[in-house]
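Chemist:
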Amino acid sequence: MKLLEDRIKSEGTVLPGNILKVDRFLNHQIDPAFMDQLGAEFAKLFKNDHITRILTVESSGIAPAVFAGLHLNVPVVFARKHKSLTHNSNTYAAEVYSYTKQVTNHISIDKRFISAADNVLIIDDFLANGQAVAGLLDIINAAEAKIGGVGIVIEKSFQDGHRLITDKGIKLESLARIKSLDNNQVTFIE
Ligand code: 5GP
4 MKLLEDRIKS EGTVLPGNIL KVDRFLNHQI DPAFMDQLGA EFAKLFKNDH ITRILTVESS
64 GIAPAVFAGL HLNVPVVFAR KHKSLTHNSN TYAAEVYSYT KQVTNHISID KRFISAADNV
124 LIIDDFLANG QAVAGLLDII NAAEAKIGGV GIVIEKSFQD GHRLITDKGI KLESLARIKS
184 LDNNQVTFIE
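Residue numbers (my numbering): 4 to 193.
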């Protein structure tokens, strides 16, 4: 998506460890009009996939997921990263190693918000090694729901996540695909 690539070029910064910082429009400050455009693009890409529900992980996946849900007219559920007193017994859970924070998060979704009748679209801000998506797939499997596809805002194609998802035969659509972050330069896949 040209618009997204331009935005990454002009506002993104590369940090050590192959981390791309996009906190001017996605990961801290959020540009709602731009998120709306990303949501419309996801809806276009998945409009024929009979999606009934979108799953993401808090917090950075929520903004693009909500706008995709708005355009696909389906509910959006975010996995919580922390156990809370009101949210502990009736949940599906998975462990997710965070690439950026280098900690393992326990993620969970209340059983009321996913069922075997669902065909789920996973949306996330970044795809690196695919751990967040793998955790959500564990939850989808536990709920005996179907996976309709994975939509990613920014894919770091030089890491393992892309292959992990497509090897399972799952439809993957990434709005921007980064070939390399070498020398602090963002290079996209043509
Ligand atoms: P994965 O689970 O695919 O290894 O990593 C995906 C998660 O890690 C995303 O949900 C995102 O929060 C975070 N992440 C991975 N790489 C980057 C990056 O380069 N920049 C930012 N801001 N977050 C990243």
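All C-beta atoms, glycine included, are put in the ideal place defined by N, C-alpha and C.
Taking buried to mean at least 16 other C-beta atoms within 10 Å of its own C-beta, is Gly138 buried or exposed?
Modeler: As a working note, residue 138 is residue 135 in the sequence shown. So Gly138 counts as buried.
Chemist: Going by the C-beta, is Asn132 closer than 7 Å to any heavy atom of the ligand 5GP?
Modeler: As a working note, residue 132 is residue 129 in the sequence shown. For the ligand 5GP, at least one heavy atom lies less than 7 Å from the Cβ of Asn132.
Chemist: Tell me which residues share the same chain as Gly15 and place their Cβ nearer than 7 Å to its Cβ, disregarding the 5 neighbours each side in the sequence.
Modeler: As a first step, residue 15 is located in the sequence shown; it is residue number 12 there, counting from the start. If we look at Gly15 and ignore the five residues flanking it on each side, its Cβ neighbours are Leu23, Lys24, Val25 and Val189.
Chemist: Roughly how many whole angstroms lie between the Cα atoms of Ala120 and Ile126?
Modeler: As a first step, residue 120 must be located in the sequence shown, where it is residue number 117. As a first step, residue 126 must be located in the sequence shown, where it is residue number 123. Roughly 19 Å separates the two Cα atoms.
Chemist: For my contact list, Leu7 and Ala146 are in at a C-beta cut-off of 8 Å; report their separation, rounded to the angstrom.
Modeler: By one-based count along the sequence shown, residue 7 stands at place 4. By one-based count along the sequence shown, residue 146 stands at place 143. No, Leu7 and Ala146 are not in contact; Cβ-Cβ is about 31 Å, not under 8 Å.
Chemist: For the stretch 56-73 and the stretch 25-36, state whether three or more C-beta atom pairs, one from each stretch, are separated by less than 8 Å.
Modeler: Verdict: yes, contact present.
Chemist: Among Phe49, Thr94, Asn76 and Leu75, which has the Cα closest to the Cα of Val199?
Modeler: A query on residue 199 cannot be resolved here, the shown segment of the chain reaching from 4 to 193 and no further.
Chemist: At what residue ranges does the stretch 96-165 contain a whole run of the alpha helix (DSSP H), taking only runs of 4 or more?
Modeler: Complete alpha helix (DSSP H) runs here, min 4: 134-145.
Chemist: Measure the C-alpha to C-alpha separation of Gly133 and Leu175 and round it to an integer number of angstroms.
Modeler: Translated into positions along the sequence shown, residue 133 becomes position 130. Translated into positions along the sequence shown, residue 175 becomes position 172. Going by the C-alpha atoms only, they are around 12 Å apart.
Chemist: Please go through the same chain and pick out, in chain order, the residues whose beta-carbon is closer than 6 Å to the beta-carbon of Ser177, but skip the five residues on each side of it.
Modeler: Position 174 of the sequence shown, counting from 1, holds the residue named residue 177. Around Ser177: Ile155 and Glu158.
Chemist: Apply the 10 Å Cβ neighbour rule to Glu193 and answer buried if 16 or more other Cβ atoms are within range, or exposed otherwise.
Modeler: For this step, residue 193 is matched to residue 190 along the sequence shown. Exposed is the call here.
Chemist: How would you write the range of the beta strand (DSSP E) that Arg56 sits in, first residue to last?
Modeler: For the purposes of this step, residue 56 is identified with residue 53 of the sequence shown, where counting begins at 1. That run of the beta strand (DSSP E) goes Arg56 to Val60.
Chemist: If you drop the 5 nearest sequence neighbours on each side, which residues of the same chain put their C-beta closer than 7 Å to that of Ile168?
Modeler: Sequence index remark: in the sequence shown, residue 168 carries index 165 (1-based). Result list for Ile168: Gly133, Val136, Val153 and Leu175, in chain order.
Chemist: Based on Cα-Cα distance, which residue from Ile181, Asn93 and Lys114 lies nearest to Ala131?
Modeler: Reading the sequence shown from its first residue, position 128 is the one you call residue 131. For the residues Ile181, Asn93 and Lys114, the minimum Cα distance to Ala131 belongs to Ile181.
Chemist: What do you reckon, is the C-beta of Leu22 under 7 Å from a heavy atom of the ligand 5GP?
Modeler: Position 19 of the sequence shown, counting from 1, holds the residue named residue 22. Checking the displayed sequence, the identity of residue 22 turns out to be Ile instead of Leu. Ile22: yes, Cβ under 7 Å from the ligand 5GP.
Chemist: Do you know how far the Cα of Val99 is from the Cα of Lys84?
Modeler: In the sequence shown, residue 84 corresponds to position 81, counting from 1. In the sequence shown, residue 99 corresponds to position 96, counting from 1. Whole-angstrom Cα-Cα distance: 9 Å.
Chemist: DSSP three-state call for Leu29: helix, strand or coil?
Modeler: As a working mapping, residue 29 is identified with position 26 in the sequence shown. In this structure, Leu29 counts as coil in the three-state DSSP scheme.
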